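Residue numbers for the sequence shown follow the UniProt record's numbering, beginning at 1 and rising by one.
Even glycine gets a Cβ: it sits at the ideal position worked out from N, Cα and C.
On a predicted model such as this, the values are computed, not experimentally measured, just so you know.
Since the structure comes first, as structure tokens, the remarks are kept for the end.
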Amino acid sequence: MSHLSIQEFQALEIAVLTVSDTRSLHNDTSGQALVTSLQRAGHALAERQLVTDDIYQIRAVVSAWIADPKVQVGLITGGTGFTARDNTPQAVAPLLERTVYGFGELFRQISREEIDTSTIQSRAIAGITNGTLICCLPGSTGACLTAWERILVHQLDSRTRPCNFVPHLKRLPERPVLACGTRS
């Protein structure tokens, strides 16, 4: 499977969505932690949004990402618990062509080190649709950082061996070459 990694880093276009009935972009520490982490790793923020925990609002944003030729990865924080208002997995699962079953399993295994058996209440999921990887993470900042630092930073790095998600993601449209030979 070494053919699924390359020697050169490829910066990805990553969108971030926070699902919350109580947060705003000003006090959204989880979404901000993901933005800071992805940019620190060399990736670009394609978009950042916040919606209430409503199945149809979540689906609208994720559907737009899936259709957008420039969004390669969508990270969603929030709405993965068991309260009546936690709807992210139900909103996203029908949109996924291929479920990444190991993502939720690995996230819960890693989280057990931090939160013990409470990890069973995480409904973190991931999947790929139309070349877009969608990852649904819990709403806590610590959980987002755990997922990023222990799983995503590696699987979104084209150099990770023996394999990573980059070859499975949509290719970005070529930017036109300007008269001076630089890209726009």
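Which term fits residue i, buried or exposed, when burial requires 16 or more other beta carbons within 10 angstroms of its beta carbon?
i, result
"T146", "buried"
"Q7", "exposed"
"A67", "exposed"
"N27", "exposed"
"G78", "buried"
"L25", "exposed"
"F107", "buried"
Would you mind working out which of the options sits nearest residue i, comparing C-alpha positions?
i, options, result
"L156", "G42, V166, I128, E149", "V166"
"L34", "A126, I110, S140", "S140"
"I134", "F9, Q10, F82, L17", "L17"
"I76", "L106, E105, G127, Q10", "G127"
"A91", "E105, E114, T52, I115", "T52"
"I55", "A44, A84, V71", "A84"
"V100", "C144, H154, C136, E114", "C136"
Taking only the alpha-carbon atoms, compute the straight-line gap between residue i and residue j and give it to the nearest angstrom.
i, j, result
"T80", "S158", "28 Å"
"D21", "R98", "29 Å"
"T117", "W65", "34 Å"
"Q109", "T119", "8 Å"
"T132", "P173", "14 Å"
"P69", "D86", "29 Å"
"V62", "S111", "25 Å"
"P89", "A15", "17 Å"
"F103", "V73", "14 Å"
"G142", "T29", "10 Å"
"R150", "A93", "23 Å"
"Q39", "P138", "20 Å"
"S37", "H154", "12 Å"
Tell me, to the nearest whole angstrom, how far the beta carbon of residue i is from that of residue j; I am working on the premise that it is less than 8 Å.
i, j, result
"G31", "R48", "6 Å"
"T129", "L96", "5 Å"
"L169", "L45", "Not a contact, Cβ separation roughly 16 Å."
Under 7 Å between C-beta atoms, does residue i make it to chain C?
i, result
"T146", "Considering every chain present, this structure includes no chain C. It has just one protein chain."
What three-state label does DSSP hand residue i in the structure shown?
i, result
"M1", "Unreliable positioning characterises M1 in this predicted model, as indicated by a pLDDT of 44, which lies under 50. The coordinate reading is nonetheless provided below. In this structure, M1 counts as coil in the three-state DSSP scheme."
"L172", "coil"
"L17", "strand"
"L45", "strand"
"A126", "strand"
"L156", "coil"
"R98", "strand"
"V71", "coil"
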